[in-house]
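Note sheet for the following structure.
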Amino acid sequence: MRSMPSPRLIWFRQDLRLADNPALAAAGDGPILPVYVLDEAAAGRWAPGGAARWWLHHSLAALGEALAARGAPLLLARGRAETVIPALADAVGADEVMAGRLYDPWARERDARVAEALGAAGRRLTLLPSALLHDPAELRSGSGKPYAVYGPFAKALRARGEPPAPLPAPDRLRGVPHPAGGEALAALRLLPQPPEPDWAAEFGTLWTPGEAGAAARLARFLAGPVRSYAEGRNLPAIEGSSGLSPHLHWGEVSPRQVWQAVRAALPEGLDAAWPFLSELVWRDFSYHLLWHRPELPEAPLKPRFADFPWDPDAALLRAWQRGRTGYPIVDAGMRQLWRLGWMHNRVRMIAASLLVKQLQQPWQDGAAWFWDTLVDADLAANSASWQWVAGSGTDAAPYFRIFNPVLQGEKFDPEGRYVRRFLPELARLPDRWLHHPWDAPEAVLQEAGVALDRDYPRPVVTPEAGRQRALAALATLRGRAEAS
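So for the sequence shown, UniProt numbering puts the first residue at 1; every next one is plus one.
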């Protein structure tokens with residue numbers, strides 16, 4: 001007589017989907033207990049920020065509905081995973097806990113503690129790759145070292161050929177009765193809590209968290225923007241990018257699924273699809289850096305930048321955060337970020353460059369603000385991108401590459417549609433003056449109903465003064481390096 005297989009715990013983390021979920025697929029038709037544990041203590045300062053918590057709430061709701069519809073409702077819990085997971089495994093008699101592998105340093109440490117606690121009770125933790133195209137520990141340069149430069153990394157990854165085909169979603173699941181101790185979703189308090197204002201009120205106008213929302217977003221991208229992605233991704237006034245970053249971060253769609261779908265939509269060949277697929281490769285590269293250089297989120301990867309002469313200024317940082325720098329393209333981006341939990345990637349680079357170069361504020365302060373306000377806040381991508389802008393990464397834009405926010409605005413938002421959407425106080429200014437209103441004649445300002453300093457600030461630093469300040473800081477850094 002065949003014995004009944006023991007239940008398995010399926011521990012969901014950043015793989016909040018049913019399709020192409022290796023842990024779920026590996027469980028087969030055996031009984032399972034799907035679990036999500038909110039473990040903020042282990043994450044510490046890298047626990048999800050405010051905007052990401054909003055996303056997580058709605059993503060868990062969607063996942064819970066999808067699992068319940070297939071026969072295995074999701075159990076929500078809060079607490080230390082190394083305590084909660086072994087207790088749940090014991091309660092249902094599970095010999096194995098299966099989960100998608102995570103790569104953040106705190107998560108790796110937490111998973112080691114969970115594995116140890118399970119092992120002490122004769123159980124095991126099995127981690128399966130689900131979040132990336134390739135495991136970051138696998139790719140090595142010809143000398144056997146981790147890659148430090150994106151170009152060779154991308155070449156090596158591309159040489160590996162197409163990633164494996166995505167796994168199908170299960171039609172049915174065999175759930176087990178929930179043990180005591182589960183939480184209601186509302187009890188996790190992931191949404192803005194009264195008397196806090198509902199700063200996420202507009203998020204739902206742009207985003208639909210969950211696996212179905214990810215599929216709809218991907219389909220929308222494939223129906224149009226993907227073919228003109230190389231040019232459209234730089235234009236913030238149009239829907240030229242995919243909008244998939246939060247769905248990828250939370251694992252509502254896998255990079256393998258996106259890769260396969262884009263390749264099918266552009267059958268001309270890999271070169272035709274590469275402008276977008278290279279973004280997935282950059283994401284893998286960011287995780288490659290984080291895996292091999294766990295200091296990435298906090299310390300410069302180029303050691304000499306540890307002596308960079310930053311000039312922290314709370315007022316300047318606050319002006320940047322609130323979209324009051326006096327540079328319309330930057331301020332429009334920062335206000336988009338606050339209202340919608342997301343900012344166009346080109347504008348992210350312009351805004352970040354202004355903060356760390358012309359304003360001389362530490363890149364870590366900018367990264368921390370993005371961490372709290374982005375629905376797609378991702379430790380690897382956020383950290384690698386800020387270090388790229390700051391010039392302190394292993395593969396970074398040189399520090400002397402200083403974006404002029406006026407010229408950037410005129411180049412990428414020439415008709416001012418993006419700026420006018422998020423800075424309505426400047427909406428009536430002619431295109432000629434929109435990106436540098438302080439230069440507009442007084443008569444033009446009056447006709448547009450703009451009073452500088454009252455309706456919109458003058459620049460916190462002029463373009464030329466900001467550039468000179470940045471170059472002076474670089475000269476100081478070089479002097480310190482030569483003297484050491």
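Every residue, glycine too, gets a C-beta built ideally from N, C-alpha and C.
Remember, predicted model here, so these are calculated numbers, not experimental data.
**Report entry** Residue environment, Ala351, which counts as buried when at least 16 other CB atoms sit within 10 Å
**Finding:** buried
key: Residue span of the beta strand (DSSP E) that contains Glu96, given as start and end   = 96 to 100
Exercise. Count the CB pairs spanning the stretch 231 to 243 and the stretch 348 to 368 that are closer than 8 Å, and state whether there are at least three.
Key: no
Alpha carbon to alpha carbon, how far is Arg123 from Gly175?
-> 20 Å
Item to check | Collapsed DSSP secondary structure at Val444 in the structure displayed | outcome: helix
Q.
Contact criterion: CB-CB distance below 7 Å. Does Leu118 meet it with respect to chain C?
A. Looking at the structure shown, chain C is missing, and only one protein chain is on hand.
Notebook entry, point to check: Do the stretch 222 to 239 and the stretch 187 to 197 touch if we need at least three Cβ pairs shorter than 8 Å?
Noted result: no
Integer Cβ distance of Arg458 from Gly326, believed to fall under 8 Å
5 Å
Note to self: Using a Cβ-Cβ cutoff of less than 6 Å, which residues in the same chain neighbour Arg339 once the five nearest sequence positions on both sides are dropped?
What the structure shows: Glu202
Which of helix, strand or coil does DSSP assign to Gln468? helix
Alpha-carbon to alpha-carbon, Asp365 and Pro7 | 45 Å
Quiz item: Roughly how far, in whole angstroms, is the beta-carbon of Glu211 from the beta-carbon of Ala25, given that I think they are within contact range, below 8 Å?
Solution: Incorrect: roughly 15 Å between the Cβ atoms, too far for contact.
Fill in: Proximity below 7 Å, CB of Trp291 to CB of Pro163
no
Practice prompt. Tell me, please, whether the stretch 177 to 187 touches the stretch 74 to 93 by the rule of three or more beta-carbon pairs shorter than 8 Å.
Written response: yes
If we count Cβ pairs, one from each stretch, closer than 8 Å, do we get three or more for the stretch 296 to 310 versus the stretch 384 to 396? yes
### Query
Which stretch, first to last residue, makes up the beta strand (DSSP E) that contains Thr126?
124 to 128
Next on the checklist: Using a 10 Å radius around the Cβ and a threshold of 16 neighbouring Cβ atoms, would you call Val149 buried or exposed?
Outcome noted: exposed
Are Leu266 and Ala272 closer than 7 Å when you measure CB to CB?
-> yes
- Could you tell me if Gly49 is buried or exposed, where buried requires 16 or more neighbouring beta carbons within 10 angstroms of its beta carbon? buried
Original post:
To which residues of the same chain is His249 closer than 6 Å at the C-beta, ignoring the five residues directly before and after it?
Top reply: Asp376, Asp378
Worksheet entry | Inter-stretch contact at 8 Å, needing at least 3 Cβ pairs: the stretch 422 to 435 / the stretch 311 to 331 | yes
- Message: Assess contact between the stretch 8 to 24 and the stretch 92 to 112, defined as three or more Cβ pairs (one per stretch) separated by less than 8 Å. Is contact present?
- Response: yes
Whether Ala112 touches Leu125 by CB criterion (7 Å): no
Quick check: the Cα distance between Met1 and Ala27, rounded to an integer number of angstroms?
Any reading at Met1 needs caution, since the residue's pLDDT is 38, under 50, leaving its predicted position unreliable; the model's value is listed next. Approximately 21 Å, taken between the alpha carbons.
(message) Taking only three categories from DSSP, how would you classify Pro34?
(response) strand
- request: Could you work out which residue in Val84, Trp54, Tyr456 is closest to Tyr39 when comparing CA atoms only?
  value: Note that residue 39 is Asp in the sequence shown, not Tyr. For Asp39, the nearest C-alpha among the options comes from Val84.
Quick check: what's the CA-CA separation for Arg346 versus Asp372? 20 Å
**Prompt:** Based on the DSSP output, what are the partners of Ala77 in its beta bridges?
**Reply:** Val37
Item to complete: Just tell me which of Pro430, Ala443, Leu474, Leu426 has its CA closest to the CA of Pro398.
Response: Leu474
Which residue wins for smallest C-alpha separation from Glu425, given the options Val356, His247, Arg324, Leu407? Arg324
inquiry  = Considering Cα atoms alone, identify which of Ala68, Gly71, Val35 is closest to Ala81.
reply    = Val35
Quiz item: Roughly how many whole angstroms lie between the Cα atoms of Asp15 and Pro31?
Solution: 20 Å
Out of Pro441, Leu289, Arg13, which has the shortest C-alpha to C-alpha gap to His57?
Arg13
Distance check for Leu316 and Ala368, CA to CA, integer angstroms please. 15 Å
- Task: Give me the Cα-Cα distance between Ser59 and Pro209, rounded to the nearest whole angstrom.
- Result: 5 Å
Within the same chain, show all residues whose beta-carbon is closer than 8 Å to that of Ala165, passing over the 5 residues directly before and after it, in chain order.
Arg256, Gln260
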